[in-house]
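Engineer:
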Amino acid sequence: MAEYKKADEKVIEDLKGIVGEKNVITDKSKMIDYSHDEFTLSDIAHMPDAVVKPASTEQVSKVLKYADERRIPVTPRGGATGLCGGCVPCLGGIVLSVERMNRIREVDVDNQMAVVEAGVTLMDFYESIESAGLFFPPHPGDESAMIGGLVAANAGGARAVKYGVIRNYIRGLEVVLASGKIIRPGGKVMKSSAGYSLLNLFIGSEGTLGIVTSAVIQLMPPPEASRSLIIPYDDLACAIETVPLLIKRKILPMAVEFIPKEVIVRTEELLKKRWPSKMGDTYLL
């Protein structure tokens with residue numbers, strides 16, 4: 058296994074010179090939140106030596122180049138909404154959080170595209186494009202997830218059957234390699250034959266090949282109308298069989314959720330709200 062070095066006091070001071078003193082965290086009590094993702098069990102968490110918060114692609118480049126030359130491990134971090142430890146700094150070193158890179162650089166209504174930095178949350182992105190009369194189909198579920206992490210994970214969600222996953226909507230990326238080199242594969246075009254398609258290497262790579270700092274995202278017009286239906290079932294098998302039957306009849310719902318009655322009961326207790334239907338033992342939403 059490769060040997061890596063710790064981020065010592067000299068390294069910390071140099072990092073402060075790159076991103077600013079207030080954007081480097083070394084206080085252990087403040088780094089706890091950066092030691093895990095949504096899965097918070099203590100035996101999964103690992104404490105970094107430092108958390109660095111760059112505000113631009115150029116700062117990300119300088120941090121990675123500096124760390125690469127000194128063999129200090131760097132773990133990229135977005136919204137940390139995952140449950141598989143992708144952003145956990147297992148080797149210590151530096152956690153590079155993109156939370157300050159939160160600008161929506163452009164919403165191009167005519168070409169139905171947006172240029173978005175990696176730290177923009179899904180919630181903020183939806184609000185921005187919806188106000189412009191546009192629609193981004195993928196919905197992984199947690200709207201505090203950040204664009205960079207969604208690209209790195211090739212996120213999908215409940216709408217994937219009808220609309221596809223993140224990969225289907227990425228037209229260009231801005232990526233910083235481990236060496237600090239900045240590359241920009243793709244762009245604001247629907248088709249490009251200018252060399253190999255590097256986009257598909259980085260989409261779904263979980264940050265192992267480089268850090269995504271911005272993305273060019275294809276949008277589309279919103280659906281003319283949508284309705285939510287709750288369908289109760291007494292038989293589990295019947296509920297499950299309904300979905301392929303709908304698809305065979307060329308009825309493709311935007312999303313389908315399977316919800317057991319036990320989940321409904323517990324949710325009612327927790328939220329102090331009532332589920333609209335009292336029929337059935339399981340539901341399709």
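When we follow the working numbering, the leftmost residue of the sequence shown carries the number 58, and every step to the right adds one.
A virtual CB, placed ideally from N, CA and C, is assigned to each residue, including glycine.
Taking only three categories from DSSP, how would you classify Ala-209?
Structural biologist: Of the three classes helix, strand and coil, the one that applies to Ala-209 here is helix, per DSSP.
Engineer: Considering only the beta carbon of each residue, do Lys-219 and Leu-309 sit closer than 8 angstroms?
Structural biologist: Yes, the Cβ-Cβ distance between Lys-219 and Leu-309 is below 8 angstroms.
Engineer: Throw me the rounded Cβ distance for the Ile-240 and Leu-234 pair, which I believe falls under 8 angstroms.
Structural biologist: Indeed they touch by this definition, with Cβ atoms about 7 angstroms apart.
Engineer: Report the rounded CA-to-CA distance for Ala-282 versus Lys-67, giving the unit in angstroms.
Structural biologist: The alpha-carbon atoms of Ala-282 and Lys-67 are separated by roughly 58 angstroms.
Engineer: So for Pro-125, helix, strand or coil by DSSP?
Structural biologist: Here residue 125 is Asp; the residue named in the question, Pro, does not match the sequence. If DSSP states are grouped into helix, strand and coil, Asp-125 belongs with the helices.
Engineer: List the endpoints of the continuous beta strand (DSSP E) containing Thr-132.
Structural biologist: Taken as a continuous stretch (DSSP letters only), the beta strand (DSSP E) holding Thr-132 covers 131-134.
Engineer: Using the Cα positions of Asn-225 and Val-108, report the straight-line distance between them to the nearest angstrom.
Structural biologist: Whole-angstrom Cα-Cα distance: 32 angstroms.
Engineer: Alpha carbon to alpha carbon, what distance is there between Pro-133 and Glu-187?
Structural biologist: Roughly 29 angstroms between the two C-alpha positions.
Engineer: Where does the unbroken beta strand (DSSP E) through Leu-153 begin, and where does it stop?
Structural biologist: Run containing Leu-153: 151-154, per the beta strand (DSSP E) assignment.
Engineer: Rounded to whole angstroms, what is the Cα-Cα separation between Glu-252 and Leu-258?
Structural biologist: A small correction: the amino acid at residue 252 is Gly; Glu does not occupy that position in the sequence shown. Straight-line Cα distance between these residues: approximately 14 angstroms.
Engineer: May I ask you to report which of helix, strand or coil DSSP gives Met-336?
Structural biologist: If DSSP states are grouped into helix, strand and coil, Met-336 belongs with coil.
Engineer: Contact check, Val-166 vs Ala-189 under 8 angstroms by CB: the rounded distance?
Structural biologist: The Cβ separation is near 5 angstroms, so the contact holds.
Engineer: Using the Cβ count rule (16 or more neighbours within 10 Å means buried), how would you classify Phe-96?
Structural biologist: Answer is exposed; the Cβ neighbour count stays below 16.
Engineer: Going by other Cβ atoms of all chains shown within 10 Å of its Cβ, with 16 needed for buried, is Lys-110 buried or exposed?
Structural biologist: Lys-110 is buried by the Cβ-count criterion.
Engineer: Do the CB positions of Leu-276 and Ala-171 come within less than 8 angstroms of each other?
Structural biologist: It is a contact, given that the beta carbons lie within the stated cut-off.
Engineer: Buried or exposed: Ile-297, going by 16 or more other Cβ atoms within 10 Å of its Cβ?
Structural biologist: Per the 10 Å Cβ criterion, exposed.
Engineer: Can you have a look at Met-336 and say buried or exposed, based on whether 16 or more other CB atoms are within 10 angstroms of its CB?
Structural biologist: Met-336 should be labelled exposed.
Engineer: Any chance the CB of Leu-179 is under 7 angstroms from a heavy atom of the ligand PLP?
Structural biologist: By its list of ligands, the structure shown contains no ligand whatsoever, and the ligand PLP lies outside what it can speak to.
Engineer: Could you please give the first and the last residue of the uninterrupted beta strand (DSSP E) stretch that includes Leu-230?
Structural biologist: Start and end: 227-233.
Engineer: Use the C-beta contact count for Ser-271: other C-beta atoms within 10 angstroms, 16 or more gives buried, fewer gives exposed.
Structural biologist: That one is buried.
Engineer: Applying the criterion that 16 or more other CB atoms from any shown protein chain within 10 Å of the CB defines a buried residue, is Asp-90 buried or exposed?
Structural biologist: Result: exposed.
Engineer: Please determine, among Leu-121, Met-88, Thr-114, Lys-87, the residue with the shortest C-alpha to C-alpha distance to Asp-71.
Structural biologist: For Asp-71, the nearest C-alpha among the options comes from Leu-121.
Engineer: Considering just the uninterrupted stretch of the alpha helix (DSSP H) at Asp-71, what are its terminal residues?
Structural biologist: Note, Asp-71: alpha helix (DSSP H), 66-76.
Engineer: Once DSSP output is grouped into helix, strand and coil, what is the label at Tyr-220?
Structural biologist: If DSSP states are grouped into helix, strand and coil, Tyr-220 belongs with the helices.
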